[in-house]
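Trainee: Pasting a structure here, questions to come.
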Amino acid sequence: MGIPGASSSVTGGVAGKRVLLAEPRGYCAGVDRAVETVERALEKHGAPVYVRHEIVHNVHVVETLAKAGAIFVEETDEVPEGAIVVFSAHGVAPTVHQTAAERNLKVIDATCPLVTKVHNEAKRFARDDYDILLIGHEGHEEVVGTAGEAPDHVQLVDGPDSVDNVTIRDENKIIWLSQTTLSVDETMETVRRLRERFPTLQDPPSDDICYATQNRQVAVKAMAPECQLVIVVGSRNSSNSVRLVEVALNAGSDAGYLVDYAEDIDPAWLEGVTTVGITSGASVPELLVRGVLERLAEYGYDTVQPVTTANETLVFALPREIRPARV
Ligand code: SF4
């Protein structure tokens, strides 16, 4: 890890102030691919490159790419005819592809393959005329994209309290799917409530909550019981980052906060705290975590102990349009 003073177990017997550093944290394979896609598009085609929506939900990443020549737009009709547009990691509905084609845009689709997997499930179960109960957060870009694959078959279930609003047509054809970045525990509670009402509810063919979301939550759960404070580096519109704060609090940390930058840390949070847990959302570059560690070291938290619950090796190939030519 290259962290000065780092030791390899939670129970290192360190007296005084310390940091527990969750591993894995930060960039997942889908974010890494999406950010590299925009960087390569800029290298290959020059600025500007248009990007529909934030490529990933992180303020620093978006600002850095904007400085390099990316122009972020809300909708494809803001992109000049014939220009290059990158679709974000969160995925888009088919109507967005249609609009882009009508405007002759050159599309580079950076949708995470694990989001595409959920889209494919939605299409498949819609073809078989299922009622699809999509567990997710209303208005989140990923949910809008997935629901757009089968608008006549998908109902959004935004947490356990929405279960009572669900209506179905045929109890033998109901399946739940989910957004990739939810809290595993809350989603399972939603499923439990759904199944109480609909015992024949079918499970997705494989987990929709992605490996990165799950792994980051498991690591936080492992360290949170020993922490008086957990700081999650991530942006407010990053679903998986916000979930990490909730998971930390539910797992036993006395307090939990989300910060974009080290400067966002309020020294008052540290009063009486001996153990601070640090993690970061799947869209957060490691340099922001380093900044937080440096700031905490200034306050005397200079012993850093990794809490490792998984090793991630997954890498996704870049979108075809931007892959380097074979030599
Ligand atoms: S959080 Fe999961 S689904 Fe989202 S981009 Fe990362 S790997 Fe893909």
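As numbered in the numbering used here, residues 14 to 340 make up the sequence shown, in order. A virtual CB, placed ideally from N, CA and C, is assigned to each residue, including glycine.
Cα-Cα, which of 225, 154, 94, 280 is closest to residue 36?
Mentor: 225
Trainee: Where the beta carbon is closer than 6 Å to any heavy atom of the ligand SF4, which residues qualify, in chain order?
Mentor: 41, 42, 43, 44, 102, 125, 127, 128, 193, 194, 223, 225, 226, 253, 295
Trainee: Is the CB-CB distance between residue 97 and residue 62 below 7 Å?
Mentor: yes
Trainee: Under 7 Å, do residue 267 and residue 230 count as touching if we go by C-beta distance?
Mentor: In this structure, residue 230 does not lie closer than 7 Å to residue 267 by Cβ.
Trainee: Would you call the region 205 to 214 and the region 159 to 169 touching, i.e. three or more CB-CB distances under 8 Å?
Mentor: Contact between the region 205 to 214 and the region 159 to 169 is absent, because fewer than three Cβ pairs lie under 8 Å.
Trainee: Per the DSSP calculation, residue 277 is bridged to which residue(s)?
Mentor: Answer is none; residue 277 lacks a bridge partner.
Trainee: Near residue 374, which residues of its chain fall below 7 Å by C-beta distance, leaving aside the five closest residues on each side in sequence?
Mentor: This structure cannot speak to residue 374, because the chain is shown only from 14 to 340.
Trainee: Spatial neighbours of residue 54 within its chain, please: C-beta separation below 7 Å, excluding the five flanking residues on both sides.
Mentor: The answer, listed in chain order, is 62, 97, 99, 121, 335.
Trainee: For the alpha helix (DSSP H) holding residue 376, just list the boundary residues, first then last.
Mentor: Any question about residue 376 goes unanswered here, given that the chain covers just 14 to 340.
Trainee: Closer than 6 Å by C-beta to residue 233: which residues in its own chain qualify, once you throw out the five before and the five after it? Chain order, please.
Mentor: 35, 257, 260, 261, 292
Trainee: If distances are taken between C-alpha atoms only, which option among 130, 299, 287 comes closest to residue 238?
Mentor: Proximity to residue 238 across 130, 299, 287 peaks at 287, based on C-alpha coordinates.
Trainee: Between 313, 56, 314, which lies nearest to residue 82 when the distance is taken from Cα to Cα?
Mentor: When the alpha-carbon of residue 82 is set against those of 313, 56, 314, the nearest one is in 56.
Trainee: Residues in its own chain within less than 8 Å of residue 58 by CB, not counting five upstream and five downstream?
Mentor: Excluding sequence neighbours, residue 58 sits near 97.
Trainee: Can you tell me which of the three DSSP states residue 369 falls into?
Mentor: Residue coverage of the chain in this structure runs from 14 to 340, which leaves residue 369 outside it and unanswerable.
Trainee: Can you find at least 3 beta carbon pairs, one from the region 67 to 85 and one from the region 315 to 330, that sit closer than 8 Å?
Mentor: Look at the beta carbons and you see the region 67 to 85 not touching the region 315 to 330: under three pairs across the two are nearer than 8 Å.
Trainee: Which residues mark the beginning and the end of the alpha helix (DSSP H) in which residue 45 is found?
Mentor: 42 to 58
Trainee: Pick helix, strand or coil for residue 26, following the three-state DSSP scheme.
Mentor: A caution first: residue 26 carries a pLDDT of 41, below 50, which makes its placement in the model unreliable, though a value can still be read off. Residue 26: coil per DSSP, three-state reduction.
Trainee: Tell me which same chain residues have a C-beta within less than 6 Å of the C-beta of residue 181, skipping the five on either side of it?
Mentor: 144, 187
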